[in-house]
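Numbered per our numbering, the sequence shown spans residues 2 to 369. Read the structure below first, then the notes.
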Amino acid sequence: MKNKIILIIILFVLVNALIYLMIQSDNKDRLDVAGKKSVAIVWKAQSSYSAGLPQLYAPAEHFAEEIEKLTDGRLIVKLSPGGAIVPALKVFDAVSAGTLDMGFTWAGWWLEKFPAAVLFANSYPNGLQMREMLGWIYTGGGMELWNELYEGQNIIVLPPYGMLGSENFCWSRKPIESLDDFKGLKFRTVGIWGKCLEKLGASVVSLPGAEVYPSLERGVIDACEFGTPAIDRKFGFQEICKYLLLPGIHELCAPLETLVNEKSWEKIPDDLKYKVKIALRDSSFWAMNQALKEDAEAMEFFRNYSGLTVSKLSPEMMDEIVKIGDTVLKESAEKDEMFAKVLKSQIDFRKKVEPYAELARLPYPYAE
2 MKNKIILIII LFVLVNALIY LMIQSDNKDR LDVAGKKSVA IVWKAQSSYS
52 AGLPQLYAPA EHFAEEIEKL TDGRLIVKLS PGGAIVPALK VFDAVSAGTL
102 DMGFTWAGWW LEKFPAAVLF ANSYPNGLQM REMLGWIYTG GGMELWNELY
152 EGQNIIVLPP YGMLGSENFC WSRKPIESLD DFKGLKFRTV GIWGKCLEKL
202 GASVVSLPGA EVYPSLERGV IDACEFGTPA IDRKFGFQEI CKYLLLPGIH
252 ELCAPLETLV NEKSWEKIPD DLKYKVKIAL RDSSFWAMNQ ALKEDAEAME
302 FFRNYSGLTV SKLSPEMMDE IVKIGDTVLK ESAEKDEMFA KVLKSQIDFR
352 KKVEPYAELA RLPYPYAE
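See the structure below:
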């Protein structure tokens with residue numbers, strides 16, 4: 002009897018020891034898996050814009066901070082300013098080639114290679130307003146068309162990392178009181194808006210942002226458009242120009258483009274892909290709220306700036322600009338199939354939402 006009891010005790014100890022070893026082995030496997038997950042994936046990223054530039058660079062910084070927090074450091078986006086790794090306007094090519102994992106830029110820069118890109122930049126007269134543009138991108142097929150545009154380029158287009166509000170219409174050293182005043186005017190701009198101004202008789206000059214101020218200063222150009230009130234204030238155009246015109250009918254808002262190398266995107270797990278998109282949406286929302294405040298403050302600054310006249314385009318001028326814009330859009334659609342497809346999608350979406358927006362829209366109740 003005594004021997005049986007001893008045998009039972011020995012068997013009990015052996016079984017428990019075996020169970021303990023199995024648990025320890027399983028825990029080790031779990032730790033190995035967790036350890037592998039904790040190794041950070043580092044993406045090399047660059048903006049097309051200078052560090053410290055409001056509304057263009059700041060949202061990309063916000064995204065980089067957010068994605069590290071959301072993923073507990075599993076994905077780190079090392080962000081560099083424009084020109085740090087590749088030239089500012091080579092971000093697309095660098096992401097395509099894999100030199101960069103991620104790029105923060107603006108689709109309008111790729112107009113020559115992809116004519117329809119200007120529609121995603123919303124850089125044309127009477128384009129989509131901010132809510133329309135966001136609605137079209139997220140629910141109207143815009144995101145799918147954006148990726149279709151760059152098909153074969155080893156690039157994935159993700160949700161915009163930011164969204165600019167309406168630009169200033171123009172800064173000028175000369176008064177502009179009618180569309181006739183554009184005749185012979187040396188005007189800095191890019192893309193479809195440049196073609197519209199040429200139809201008005203302007204001499205259009207394309208210059209990168211860093212060259213606009215000195216060109217105005219030396220009289221190389223008479224007028225320019227560049228960005229929103231906050232961005233333009235940073236560039237200091239009010240120091241040279243006597244006239245500021247609004248509203249920016251040529252660019253009512255501008256989604257900021259997020260590009261990721263296709264292979265880099267495929268390498269990360271699905272949960273990180275999801276968190277990247279969430280962080281981008283958060284950054285865009287953050288940027289829109291920041292911009293509303295910053296642009297209001299900048300416009301107040303301009304209205305009180307000594308020697309600067311701030312005025313609005315007349316309804317007649319805006320009507321004519323829209324007509325010219327429609328003509329240029331039609332001409333572009335006839336030349337490029339993808340341009341026509343994207344433009345039709347935007348127009349169809351606007352036709353769907355505008356009747357409701359017109360009924361629901363209220364005038365601003367300004368306080369005295």
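Glycine residues also receive a C-beta, built at the ideal position from the N, C-alpha and C atoms. Just so we're clear, the structure is a prediction, and the values are computed from it rather than from any experiment.
Determine the extent of the beta strand (DSSP E) in which residue i is found, giving its start and end residues.
i: Asn262; result: Ala255 to Asn262
i: Gly163; result: Ile156 to Leu165
i: Thr106; result: Met103 to Thr106
i: Lys313; result: Thr310 to Lys313
i: Leu247; result: Tyr244 to Leu247
i: Ile138; result: Where Ile138 is concerned, there is no enclosing beta strand (DSSP E), although the alpha helix (DSSP H) it sits in stretches over Met131 to Thr140.
i: Ile77; result: Leu76 to Ser81
i: Arg234; result: Taken as a continuous stretch (DSSP letters only), Arg234 belongs to no beta strand (DSSP E), being part of the alpha helix (DSSP H) at Pro230 to Phe236.
i: Trp44; result: Ile42 to Ser48
i: Trp172; result: Cys171 to Ser173
i: Lys196; result: It is not in any beta strand (DSSP E) - Lys196 instead sits in the alpha helix (DSSP H) that spans Gly192 to Lys200.
i: Val205; result: Ser204 to Val206
i: Lys184; result: That residue, Lys184, is in no beta strand (DSSP E); it is neither H nor E in DSSP.
Taking all protein chains shown into account, decide if residue i is buried (16 or more other Cβ within 10 angstroms of its Cβ) or exposed.
i: Leu198; result: buried
i: Pro364; result: exposed
i: Glu295; result: buried
i: Leu360; result: exposed
i: Arg31; result: The predicted model places Arg31 with a pLDDT of 41, which falls under 50 and marks its position as unreliable, so this point remains unresolved.
i: Val343; result: buried
i: Ser285; result: buried
i: Gly99; result: exposed
i: Tyr139; result: exposed
i: Lys37; result: The pLDDT assigned to Lys37 is 48, lower than 50, so where the model puts this residue is not dependable; a value taken from the coordinates is nonetheless given after this. Burial call: exposed.
i: Leu253; result: buried
i: Val213; result: buried
i: Asp223; result: buried
i: Ala358; result: exposed
i: Asp27; result: Residue placement at Asp27 cannot be trusted, given a pLDDT of 49 that sits under 50; what the coordinates show is reported in the next sentence. Exposed: under 16 other Cβ atoms inside 10 Å.
i: Ala89; result: buried
i: Gly141; result: buried
i: Val14; result: In this prediction, Val14 has a pLDDT of 48, which is less than 50 and means its spatial position is unreliable; what the coordinates show is noted afterwards. Exposed: under 16 other Cβ atoms inside 10 Å.
i: Gly249; result: buried
i: Lys268; result: exposed
i: Lys175; result: exposed
i: Ala85; result: exposed
i: Arg189; result: buried
i: Arg362; result: exposed
Which residues mark the beginning and the end of the alpha helix (DSSP H) in which residue i is found?
i: Pro356; result: Glu338 to Ala361
i: Ser285; result: Asp271 to Arg304
i: Phe1; result: The question about residue 1 has no answer here: the residues shown for the chain are numbered 2 through 369.
i: Arg219; result: Gly210 to Arg219
i: Ala95; result: Val92 to Ala98
i: Phe64; result: Ala59 to Leu71
i: Trp147; result: Gly143 to Leu150
Out of the options, point me to the one whose CA is closest to residue i's CA.
i: Met318; options: Gly109, Phe170 and Arg75; result: Phe170
i: Arg219; options: Ser204, Phe236, Ile241 and Pro126; result: Ile241
i: Gly210; options: Ser204, Val191, Leu201 and Gly195; result: Val191
i: Leu281; options: Ile68, Asp233, Gln130 and Tyr139; result: Ile68
i: Tyr306; options: Pro88, Ala255 and Tyr244; result: Tyr244
i: Phe105; options: Lys70, Met164, Gly141 and Cys225; result: Met164
i: Asp102; options: Glu113, Asp73, Val87 and Gly109; result: Val87
i: Lys91; options: Trp107, Glu226 and Phe236; result: Trp107
i: His251; options: Leu314, Lys274 and Glu152; result: Leu314
i: Leu71; options: Gln47, Ala41, Gly308 and Ala89; result: Ala41
i: Asp233; options: Ser167, Ala288 and Ala203; result: Ser167
i: Lys187; options: Phe115, Ile177 and Val206; result: Val206
i: Asn290; options: Gly249, Ala46, His63 and Lys336; result: His63
i: Ile77; options: Gly83, Ala61 and Ala89; result: Ala61
i: Ser333; options: Gly249, Lys352, Trp194 and Ser216; result: Trp194
i: Ser51; options: Gly83, Trp287, Asp73 and Gly74; result: Gly83
i: Asp283; options: Ala65, Asp182 and Asn262; result: Ala65
i: Met144; options: Arg362, Thr259, Gln239 and Pro176; result: Thr259
i: Ile325; options: Gly74, Asn127, Ala292 and Val261; result: Asn127
i: Lys352; options: Gly74, Glu113, Leu129 and Ser49; result: Leu129
i: Leu150; options: Ala203, Asp337 and Arg362; result: Asp337
At a Cβ threshold of 9 Å, is residue i touching chain D?
i: Leu135; result: The structure shown has no chain D; it contains just one protein chain.
What whole-angstrom Cβ distance do residue i and residue j have, given they're in contact under 8 Å?
i: Ile156; j: Ser81; result: About 18 Å; that fails the 8 Å criterion.
i: Ser124; j: Gly109; result: 5 Å
i: Leu201; j: Leu180; result: 6 Å
i: Pro116; j: Phe303; result: With a Cβ gap of about 34 Å, Pro116 and Phe303 do not count as contacting.
i: Glu133; j: Val311; result: The pair is not a contact, with the Cβ atoms about 26 Å apart (cut-off 8 Å).
i: Ser265; j: Trp111; result: That pair is no contact at about 20 Å.
i: Trp172; j: Phe238; result: 4 Å
- prompt: Should the segment 336–355 be called in touch with the segment 114–122, which here means at least 3 C-beta pairs below 8 Å?
  reply: yes
message: Assess contact between the segment 275–289 and the segment 152–163, defined as three or more Cβ pairs (one per stretch) separated by less than 8 Å. Is contact present?
response: yes
- prompt: Are at least three pairs of beta-carbons, each pair with one atom in the segment 55–65 and one in the segment 225–240, less than 8 Å apart?
  reply: yes
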